[in-house]
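Undergrad:
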Amino acid sequence: MNIKTHSIMLLPAFPRPGLSTTAIFLFVLPTIAININYGIAVAEGYVALCNPYWDGCTSISATGRNGTAFFFFKAAMLPLSLLYFYYWLPCSKRLNSMGYEKPTIGNLGFFAVAALVLYTLSLGALGDNFRLMHRIGIIFYFSLTYLCQLLIVHRLGVLGQQDLSQTLQKLMCLFIFGIAVLTLFLDALLPNYGDYEDAFEWSIALLLLINFLLAAWNWRFIEKMKVDSLETSE
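Under my numbering, read the sequence shown as residues 374 to 607, first letter to last.
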């Protein structure tokens, strides 16, 4: 009895983007989404027209509470939360392959993504419980994202993957930390701190996004070093 073996046609395997490419997406896409959302909220009259990064006329959250921006914000940020997870987990695996075996970054990244999802889903919902969820979500998202960025740049430095972007990332992390500490002092000292709080929120969000761009530079440097070492070994 002859048994014929039929070959199975497989779908083509498209190459996954490297960490540097994903990091660029994490700078470009959220920056565009947040600013488009602000433009929609302004156009529909829900928030004032200003430079939110400086004037602090409105918060990021206020731009996504009403009208079309309510739906746009969720439609943009929920898929982006998956992109964040797609970045943190490979970062953790890459560091594991380089000698850092702890799952800290992957775990923190997971909770950062969960916090972003919680914040996005609760934004604009009525009730004290939803407001609390929104507050918890935004605080943990900012804090855990910052910690992930700081840990990655620190571990890469310890593992000897040094370049100019490493220095710039460390300075950026220090700058973000300085702003966060400054906001605590201003909140305690200034009775009208609320007039400036939103501008600090926009600025910290932008700086965290810029840090992804610097991380892309660093990952590109590491990828180039790997290619060069392979070519040398051949």
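Each residue gets a CB set at the ideal place from its N, CA and C atoms; glycine is no exception.
Computed from a predicted structure; not experimentally measured.
One question on the structure: do Leu559 and Tyr569 come within less than 8 Å of each other, judged by their Cβ atoms?
TA: yes
Undergrad: Within the segment 500-577, note down every full alpha helix (DSSP H) run reaching 4 residues or more, in order along the chain.
TA: 501-531, 537-562
Undergrad: Among Pro452, Asp536, Ile433, Asn502, which residue has its Cα nearest to the Cα of Leu402?
TA: Pro452
Undergrad: Rounded to whole angstroms, how far is the Cβ of Thr589 from the Cβ of Ile397, which I believe are closer than 8 Å?
TA: In the sequence as presented, Thr is not what sits at residue 589; that position holds Ala. About 5 Å separates the two Cβ atoms, so the contact holds.
Undergrad: Check whether the segment 443-450 and the segment 580-594 are in contact - that is, three or more C-beta pairs closer than 8 Å.
TA: By the C-beta criterion, the segment 443-450 is judged not to be in contact with the segment 580-594, since fewer than 3 inter-stretch pairs fall below 8 Å.
Undergrad: Relative to the C-alpha of Tyr514, which candidate in Tyr459, Val490, Tyr566 has its C-alpha closest?
TA: Val490
Undergrad: Okay, do the segment 485-502 and the segment 511-527 touch, 3+ Cβ pairs below 8 Å being the bar?
TA: yes
Undergrad: Exposed or buried, what is Thr431 when buried is set at 16 or more other beta-carbons lying within 10 Å of its beta-carbon?
TA: buried
Undergrad: What's the gap between the Cα of Leu494 and the Cα of Trp575?
TA: 20 Å
Undergrad: Hey, would you say Tyr460 sits closer than 8 Å to Leu529, going by beta carbons?
TA: no
Undergrad: Exposed or buried, Gln542, counting other C-beta atoms within 10 Å across all chains shown (16 or more means buried)?
TA: With 16 or more Cβ atoms within 10 Å of its Cβ, Gln542 is classed as buried.
Undergrad: Is it buried or exposed, Ser434, if we count other Cβ atoms within 10 angstroms and call 16 or more buried?
TA: buried
Undergrad: Span of the alpha helix (DSSP H) holding Ala396?
TA: 392-416
Undergrad: By a C-beta neighbour count over all protein chains shown, 10 Å radius and 16 as the cutoff for buried, is Ile405 buried or exposed?
TA: exposed
Undergrad: Since Gly472 and Leu422 should fall inside the 8 Å C-beta cutoff, what is the C-beta to C-beta distance between them, to a whole number of angstroms?
TA: Rounded to the nearest angstrom, the Cβ distance from Gly472 to Leu422 is 51 Å, too far for a contact under 8 Å.
Undergrad: Do you know how far the Cα of Ile577 is from the Cα of Phe550?
TA: Phe550 and Ile577: Cα-Cα distance of roughly 9 Å.
Undergrad: So the candidates are Gly479, Leu505, Gly567, Trp592; which of them puts its Cα closest to the Cα of Leu520?
TA: Gly479
Undergrad: Quick check: Asn408 and Ala449, are their CB atoms within less than 8 Å of each other?
TA: no
Undergrad: Could you check if Ile512 is buried or exposed, using at least 16 other CB atoms within 10 Å of its CB as the buried criterion?
TA: So Ile512 counts as exposed.
Undergrad: On the DSSP letters alone, give me the boundaries of the alpha helix (DSSP H) that Pro463 sits inside.
TA: 440-470
Undergrad: Just confirm the distance between the C-beta atoms of Pro463 and Leu392, as a whole number of angstroms; I'd bet it's less than 8 Å.
TA: 6 Å
Undergrad: In the DSSP assignment, the alpha helix (DSSP H) including Ile478 goes from what residue to what residue?
TA: Its alpha helix (DSSP H) spans residues 477-495.
Undergrad: Should Met382 be labelled buried (16 or more other beta-carbon atoms within 10 Å of its own) or exposed?
TA: Reliability of the predicted coordinates at Met382 is poor, the pLDDT of 38 falling under 50, and no value is obtained from them.
Undergrad: My guess is that Asp428 and Ala572 are in contact by the Cβ rule of under 8 Å, so how many angstroms apart are they, rounded?
TA: 7 Å
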